[in-house]
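Note that the numbering used here has the sequence shown beginning at 318, numbered continuously upward. Where a beta carbon is used, it is the ideal one built from N, C-alpha and C, also for glycine. Predicted model only: the values in this text are computed from it and were never measured. What follows is one structure encoded as structure tokens, with my remarks underneath.
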Amino acid sequence: MPDKNSDAGPTDPRPEELLRHQMPQGLKRWGRLAVIAAAVIALAGMGWRIYRSHQTASWTDDQAIPTVQVIRLDKSGKGGALNLPGDVQAYTNAPIYAQVSGYVQSWHFDIGAKVKKGDLLAQIDPRTYEAALGQARGQLARDSATLANARTDLARYQALARQNAISAQQLATQQALVASTAGVVETDRAAVQQAAINLAYTRIIAPFDGIVTSRAIDVGNLVTVGTAGATPLFTVSDQGRLRIYVRVPQNYANVIRPGMTATFTVPQHPDRTFNATLAASAGAVASATGTMLVQFVTDNSDGALQPGSYAEVKLPLPAGANGIRVPATALIFRDAGMQVATVDANSRVRFKTITIVRDMGAAVDVGSGISAGDRLIDNPSDALEDGDEVRVAGK
Numbered sequence: 318m319p320d321k322n323s324d325a326g327p328t329d330p331r332p333e334e335l336l337r338h339q340m341p342q343g344l345k346r347w348g349r350l351a352v353i354a355a356a357v358i359a360l361a362g363m364g365w366r367i368y369r370s371h372q373t374a375s376w377t378d379d380q381a382i383p384t385v386q387v388i389r390l391d392k393s394g395k396g397g398a399l400n401l402p403g404d405v406q407a408y409t410n411a412p413i414y415a416q417v418s419g420y421v422q423s424w425h426f427d428i429g430a431k432v433k434k435g436d437l438l439a440q441i442d443p444r445t446y447e448a449a450l451g452q453a454r455g456q457l458a459r460d461s462a463t464l465a466n467a468r469t470d471l472a473r474y475q476a477l478a479r480q481n482a483i484s485a486q487q488l489a490t491q492q493a494l495v496a497s498t499a500g501v502v503e504t505d506r507a508a509v510q511q512a513a514i515n516l517a518y519t520r521i522i523a524p525f526d527g528i529v530t531s532r533a534i535d536v537g538n539l540v541t542v543g544t545a546g547a548t549p550l551f552t553v554s555d556q557g558r559l560r561i562y563v564r565v566p567q568n569y570a571n572v573i574r575p576g577m578t579a580t581f582t583v584p585q586h587p588d589r590t591f592n593a594t595l596a597a598s599a600g601a602v603a604s605a606t607g608t609m610l611v612q613f614v615t616d617n618s619d620g621a622l623q624p625g626s627y628a629e630v631k632l633p634l635p636a637g638a639n640g641i642r643v644p645a646t647a648l649i650f651r652d653a654g655m656q657v658a659t660v661d662a663n664s665r666v667r668f669k670t671i672t673i674v675r676d677m678g679a680a681v682d683v684g685s686g687i688s689a690g691d692r693l694i695d696n697p698s699d700a701l702e703d704g705d706e707v708r709v710a711g712k
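Right, dumping it as structure tokens:
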């Protein structure tokens, strides 16, 4: 019978051996490495967290500095032109009124007719004034004869006075009579002259070469002198040359110089430009409008222009006359008035108060307060304050 212990292998441990623990070889070394790795990982995590915290703080600080768009200014080397409305008028314009009363006997020129100086425009019935002239001449002739007789008597009185044949009082009386009669004769001569002038006024004549621009009479009309608001019988205009009146704003009054030229256009000739020369300047600013009246003269020998027309006049401006042009988006209105925000060399905001000389809607011309080299902030925020640090976009 086989032995009951014969099935157990020669390598089976005994019970006491199973209770005995033996550490594998190299386990301690791997344990130390694991501890070191865990410490390194922990330190790396802490470092990364500290780095990220620092990055977050730096990003937050960066976001606290606003970024702005800046506009670089340049003063234009060209002066450009100032566009202003103008009023075209005839060089000489004469509304002609009656200087004597009477009925219109005839008229000879209608509107648009060209006339020469002295041409008869109309005739007022002269018969009344011819009679008055004849009466004045008769009175003069009668009084002149009386004066001649008085002087003859005076010569005789003087001869008698030298012979002591008459008294000194009689001589003085005759001398006074001659002087008085001479005064009457002078009055008569003046009456003759006045009657002749009145007779001449019955002829309505053209005062200069020109064009008849209005006629307000017809045959048989009664014209009277001294009527308030009377309509002129004719109007004659010299249109060979024209005057263009322009009101220049006070800001540009200093650019008006003797002999300067300007160009202008009129609606009836949109594709044509006319030239005009400065003829006169008021030399003073009208307080009601803040403008100075200037007068230009242009040739109109071809008749292309008509008095009373509207003109758009372009006045040449010297370099720098417009100041510095700034877009309207850069403007900001505060307690100090109209201002712009600039960025200085240290990236700090500096507010500057400006003076606007011309407003064109989308842009303004600034006369003072900024220089050509300033960097203006476009669309400045209301939160910006003087001295704030900013970051310029694109830098």
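Buried versus exposed call for residue i [16 or more other C-beta atoms within 10 Å across all chains shown]
i: N466; result: exposed
i: L595; result: buried
i: A482; result: exposed
i: Y446; result: buried
i: L632; result: buried
i: I367; result: exposed
i: Y474; result: buried
i: L336; result: Unreliable positioning characterises L336 in this predicted model, as indicated by a pLDDT of 49, which lies under 50. The coordinate reading is nonetheless provided below. Classification of L336: exposed, given that the 10 Å Cβ count is below 16.
i: N696; result: exposed
i: T590; result: exposed
i: R560; result: buried
i: G537; result: exposed
i: L622; result: buried
i: G403; result: buried
Cα-Cα separation between residue i and residue j, rounded to whole angstroms
i: P628; j: L634; result: Here residue 628 is Ala; the residue named in the question, Pro, does not match the sequence. When rounded, the distance between both Cα atoms is 19 Å.
i: I358; j: G364; result: 10 Å
i: G711; j: L693; result: 15 Å
i: T541; j: P524; result: 20 Å
i: Q480; j: Q491; result: 17 Å
i: T610; j: R454; result: It is worth fixing the name first, because residue 610 is Leu in this sequence and not Thr. Approximately 52 Å, taken between the alpha carbons.
i: P383; j: V707; result: 5 Å
i: A478; j: A489; result: 10 Å
i: T498; j: D505; result: 11 Å
i: V602; j: V572; result: 14 Å
i: G398; j: I649; result: A quick correction: the sequence has Ala, not Gly, at residue 398. A398 and I649: Cα-Cα distance of roughly 27 Å.
i: G678; j: S626; result: 28 Å
i: V709; j: R665; result: 10 Å
i: D619; j: K433; result: 18 Å
i: V385; j: D705; result: 12 Å
i: R675; j: Q585; result: 29 Å
i: L450; j: Q422; result: 19 Å
i: A512; j: I428; result: 31 Å
Limits of the alpha helix (DSSP H) - the one that residue i falls within
i: S497; result: 485–518
i: A462; result: 444–479
C-beta contact flag for residue i and residue j at 7 Å
i: V495; j: L471; result: yes
i: L314; j: A658; result: Any property of residue 314 remains undetermined from this structure, which presents the chain solely from 318 to 712.
i: V614; j: R564; result: no
i: A680; j: P624; result: no
i: I671; j: V660; result: no
i: D442; j: Y414; result: no
i: Q612; j: Y562; result: yes
i: I514; j: A439; result: no
i: T304; j: N592; result: The structure shown does not extend to residue 304, since the chain is modelled only from 318 to 712, so the question has no answer here.
i: L401; j: I641; result: no
i: F668; j: D699; result: no
i: V405; j: Y518; result: no
i: L550; j: I534; result: yes
Start and end residues, beta strand (DSSP E) containing residue i
i: D404; result: 398–413
i: G684; result: 680–685
i: Q612; result: 608–616
i: R651; result: 648–651
i: P633; result: 627–633
i: I573; result: Per DSSP, I573 belongs to no beta strand (DSSP E) and is neither H nor E.
i: D699; result: Where D699 is concerned, there is no enclosing beta strand (DSSP E), given that its DSSP letter is neither H nor E.
i: T590; result: 586–598
i: L559; result: 551–566
heavy atom of the ligand NAD below 6 Å from residue i C-beta
i: A462; result: With respect to the ligand NAD, the structure shown offers nothing to examine, as it has no ligands at all.
Residue-level contact to chain D via CB, residue i, 7 Å cutoff
i: V709; result: The structure shown contains no chain D; it holds only a single protein chain.
Does the stretch 544–554 come close enough to the stretch 459–476 that 3 or more CB-CB pairs lie under 8 Å? Output reads no: the stretch 544–554 does not touch the stretch 459–476.
Looking at C-beta atoms only, is the number of pairs between the stretch 522–530 and the stretch 576–584 that lie closer than 8 Å three or more? Short answer: they don't touch.
Check whether the stretch 404–416 touches the stretch 551–566, counting contact only when three or more Cβ pairs, one atom from each stretch, lie closer than 8 Å. Yes: the two stretches touch, three or more of their Cβ pairs being nearer than 8 Å.
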